[in-house]
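Numbering (our numbering), first residue to last: 39 to 527.
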């Protein structure tokens, strides 16, 4: 072949490759909006009793440059998963390692005694230099135990689980969450707290405390008023006060309760706000469970999905309230991710607050799922992931960034409560940037799913815009929905 023809062939090959690459990149951009995403884990299990390859319901926690996330892998239709996966970054989200917790279910390596596992959540104990991954172990579909796996090497090697509490009699455990006191000047520095509810006893709230890095746990206690609840997210203020934002069992009110004595006792709940919720269409599994975080000065921020600002409650916005003491709370404000009346439906939020900031300079990052058009069905709904942020404590917010989507609902794991990305998602801030972790789904390959955990490749810069959280008038036609207590497995 002459040099001319070799040169022409080379140019043609390069052109073809470039066009192919551009097509691939454009497809990727379409699938993942305008933000590059990194897949941080996938479901490796093959048991025929659950749905593969599915991963749902991530939590995250950051300490310094380390971010740890945990999530369900191999979702069962009627509750729980094959195991809990983890993904850890030690360089503020630049790279990730991943694996699966040992000693939990019969599918784990080494195998554990439980059939399924759910409700993953993670915390760090700075005093004992220990990462703690809490979860709800199931026997069949019944909540059998709250477990905590520990890592003392930075979140990349995990030990077999410690039992926080094993169910007995009619107990049926649900919806755990974990937090630790990481303020060195606190009287209770190194205390860790796990919250869950007992569905077998009217969703009775339960709290247990560890003072030795999660090795042992106290007997469960309830609040002074024996509250019936679901979906709490405990937080610890710098003075050691524990604040637990949580829904009532019917998800018609956001409540909160506190402990000022290191978990020796728990005060009665107070009502934070009434929930006015729109049932998200398309048979997606969702609900107005709160996402809660805390700033460096101890101010607590709580966000949930709510339709009070929309005429006739036809779509959910994301709304927020704050407190400096856990007992008195500000009026509910609307987070302006989209305009009132836009028809966009927002749900399943995951809030982050930069603990190196506080007050009027607090940095907030908020990831969430949304439908661009709320009037849709399971065959027409298009599911996206969005992100907004604030550098002034939520007074104003940035314009929305689309992180992923559109996704078709049938690409998601299917459960008895609907198509599932998670009852919650999570965002953490490390290195000054936000790192949400969330489920992204692609088209199924026959009966095999492609739903896995993703995070923005370079993190997300925290910004504010001129989108004010104030001044919207709630419509009087919005009313709280009447609901029964339910389990979230």
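Yeah, the Cβ is synthetic: ideal placement off N, Cα and C, and Gly gets one too.
Quick caveat, the model's predicted, so the values are computed rather than measured.
- Under the three-state reduction of DSSP output, residue 350 falls in the helix class.
- Contact check for residue 465 against residue 390 passes: the beta carbons are separated by less than 7 Å.
- Here residue 246 is buried, its C-beta having at least 16 other C-beta atoms within 10 Å.
- With 16 or more other Cβ atoms from the protein chains shown falling within 10 Å of its own Cβ, residue 286 counts as buried.
- In the DSSP assignment, residue 93 forms a beta bridge with 111.
- The alpha-carbon separation between residue 185 and residue 491 amounts to approximately 22 Å.
- By the Cβ neighbour-count rule, residue 222 is exposed, with fewer than 16 other Cβ atoms within 10 Å of its own.
- For residue 483, the three-state secondary structure derived from DSSP is strand.
- Around the beta carbon of residue 225, fewer than 16 other beta carbons lie within 10 angstroms, which makes this residue exposed.
- Between the alpha carbons of residue 293 and residue 311 lies a distance of about 7 Å.
- A residue is called buried when at least 16 other Cβ atoms come within 10 angstroms of its Cβ; residue 195 does not meet this threshold and is exposed.
- Nearest to residue 290 by C-alpha distance, out of 280, 301 and 268, is 268.
- Residue 356 is positioned such that its CB atom lies closer than 7 Å to that of residue 341.
- Between residue 429 and residue 502 the beta-carbon gap is near 4 Å, inside 8 Å, which marks them as a contact.
- In the assembly as shown, residue 307 is a buried residue. Its beta-carbon has 16 or more other beta-carbons within 10 Å.
- In this structure residue 228 touches residue 166 by the C-beta definition: roughly 6 Å separates them, less than 8 Å.
- Between the alpha carbons of residue 458 and residue 298 lies a distance of about 37 Å.
- In the three-state reduction of the DSSP assignment, residue 397 falls in the helix class.
- Proximity to residue 316 across 143, 474 and 384 peaks at 384, based on C-alpha coordinates.
- The shortest CA-to-CA distance from residue 85 to any of 242, 111 and 78 is the one to 111.
- Residue 323 has no beta-bridge partner at all, per DSSP.
- For residue 427, the enclosing beta strand (DSSP E) begins and ends at 420-428.
- For the beta strand (DSSP E) assignment, the uninterrupted runs of no fewer than 3 residues enclosed by the stretch 213-268 are, from N- to C-terminal side, 230-236 and 242-248.
- One alpha carbon belongs to residue 143, the other to residue 163, and they sit about 25 Å apart.
- Boundaries of the beta strand (DSSP E) harbouring residue 441: 439-446, taken from the DSSP string.
- Within the same chain, 416, 447, 456 and 457 come within 8 Å of residue 321 by CB-CB distance, once the 5 residues on both sides are set aside.
- Cβ-Cβ separation between residue 244 and residue 236: approximately 6 Å, consistent with a contact (criterion under 8 Å).
- Here residue 304 carries a coil assignment [DSSP, helix/strand/coil].
- Sequence-distant Cβ neighbours of residue 89 in its own chain, meaning closer than 8 Å and more than five residues away, are 112, 113, 114, 115, 451, 452 and 487.
- Residue 293: member of the beta strand (DSSP E) spanning 291-297, first to last residue.
- Within its own chain, the residues whose Cβ lies closer than 6 Å to the Cβ of residue 392, once the five positions on either side in sequence are excluded, are 401 and 467, listed in chain order.
- Annotated three-state conformation of residue 134 is coil, per DSSP.
- Residues 97, 172, 215 and 216 of the same chain have their beta carbon placed closer than 6 Å to that of residue 159, with the five preceding and five following residues left out of the count.
- Around the beta carbon of residue 266, a 10 Å sphere encloses 16 or more other beta carbons of the protein chains shown; the residue is thus reported as buried.
- For the pair residue 405 and residue 474, the CB atoms are nearer than the 7 Å cut-off.
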